[in-house]
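What follows is one structure encoded as structure tokens, with my remarks underneath.
In this note's numbering, the protein residues as written are 175 to 513.
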């Protein structure tokens with residue numbers, strides 16, 4: 175079932191007048207809506223069962239995971255550009271973080287964005303960005319549309335600037351004996367102290383990213399579709415999506431909402447994390463091509479978080495970790511002790 179998973183406020187100005195209860199009652203009485211939803215749920219269940227019990231393509235998946243782990247060094251850089259570029263775009267575009275909130279804060283956002291791109295004072299910039307977002311959120315709840323900023327900024331605070339970055343270069347110069355900059359540098363010692371304090375928490379970066387991305391999907395699925403069908407129906411009508419896939423508008427909305435919530439829950443619990451991240455990237459790409467009015471920059475942060483999870487996997491406190499440990503134990507139990 176195809177889905178229109180844009181941030182709906184970005185592409186429509188009006189929503190249809192329909193109550194949630196009325197929409198659900200009418201939709202769930204329609205066999206041409208319920209039938210495809212049940213068929214989709216059955217297909218997903220079968221796919222999960224095959225993944226858990228048949229375990230196909232194990233060598234392929236192992237090779238893929240090994241290849242992804244080689245890119246771990248670039249995770250900080252990936253996070254920086256994924257949020258630095260949208261901040262610069264927001265500054266020049268005349269909106270604050272979300273295209274749905276037209277507030278002129280050009281200098282602040284452009285400065286924060288460029289500092290993130292250069293990797294200069296990265297952790298401080300991430301904290302300032304997070305604080306600005308949270309202040310904006312308390313004043314304008316519409317910023318819930320960009321909830322990925324919370325997970326993204328927290329991840330940057332923990333993981334730092336990485337390399338290539340200005341922070342890395344300056345710290346290397348400051349740490350080199352006999353340099354003039356090393357004698358006048360006021361922050362390197364404090365930066366090293368902070369790095370040592372947070373080093374033990376760096377393994378939780380994938381967990382933070384996963385929760386941030388998962389919560390965003392659940393929020394969009396519920397808040398933009400299942401609990402607010404009027405605006406989702408307006409999107410379906412504007413782009414004539416029923417002509418693209420011959421399904422009723424109700425099936426489009428329910429299918430998209432249920433799929434988003436399901437994908438978000440899978441990410442939250444860390445089940446099939448890399449597969450979920452790959453699915454998310456595919457959904458974002460499809461959305462950008464299918465909805466030409468949808469602002470690209472509004473999705474770059476989500477692309478970045480999903481790409482990070484492709485590299486890192488689930489991180490701690492995830493079903494994937496439990497499954498990996500269980501498979502390892504089963505293999506160990508199956509090895510015969512030498513005579």
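The beta-carbon is built from N, C-alpha and C at its ideal position, and this holds for glycine as well.
These figures come from a predicted structure and were not determined experimentally.
Going straight from the alpha carbon of residue 231 to that of residue 224, what length do you get? 11 Å
Let me make sure I understand the geometry here. Which of 325, 369, 228 and 408 has the alpha-carbon closest to that of residue 305? 325
Can you name, in chain order, every residue of its own chain whose Cβ lies under 7 Å from the Cβ of residue 176, other than the five neighbours on each side? Low confidence applies here, because residue 176 scores a pLDDT of 40, under 50, leaving its location unreliable; read the following figure in that light. Around residue 176: 418 and 419.
Euclidean distance between Cα positions of residue 281 and residue 493: 43 Å
Going by other Cβ atoms of all chains shown within 10 Å of its Cβ, with 16 needed for buried, is residue 290 buried or exposed? The residue in question, residue 290, is buried, as its Cβ has 16 or more Cβ neighbours within 10 Å.
Host alpha helix (DSSP H) of residue 342 (start-end): 340-348
Distance check for residue 370 and residue 381, CA to CA, integer angstroms please. 20 Å
Would you mind listing the beta strand (DSSP E) stretches within the region 377-418 that are 3+ residues and don't spill past its ends, in chain order? none
Assumed close pair residue 318, residue 311 - CB separation to whole angstroms, cut-off 8 Å: 7 Å
Taking CB distances under 8 Å as the criterion, tell me whether residue 310 reaches chain D. In the displayed structure, chain D is absent; only one protein chain is listed.
Is the beta carbon of residue 316 less than 8 Å from the beta carbon of residue 250? The Cβ atoms of residue 316 and residue 250 lie no closer than 8 Å to each other.
Would residue 499 be called buried (16 or more neighbouring beta carbons within 10 Å of its own) or exposed? Here residue 499 is exposed: its Cβ has fewer than 16 other Cβ atoms, across all protein chains shown, within 10 Å.
Member of 451, 260 and 465 whose CA lies at the smallest distance from the CA of residue 414: Taking only the C-alpha atoms, the option nearest residue 414 is 465.
With C-beta atoms as the reference, is residue 472 less than 8 Å away from residue 205? no
Ends of the alpha helix (DSSP H) at residue 232? 232-243
Backbone CA spacing between residue 421 and residue 458 [nearest angstrom]: 21 Å
In this structure, does DSSP put residue 453 in helix, strand or coil? helix
Distance, Cα to Cα, residue 366 vs residue 240? 30 Å
Can you list, in chain order, the residues of its chain whose CB lies under 6 Å from that of residue 256, leaving out five sequence neighbours each side? 474, 475 and 478
Sequence-distant residues of the same chain with beta carbon closer than 6 Å to residue 379, five excluded per side: 329, 332 and 333
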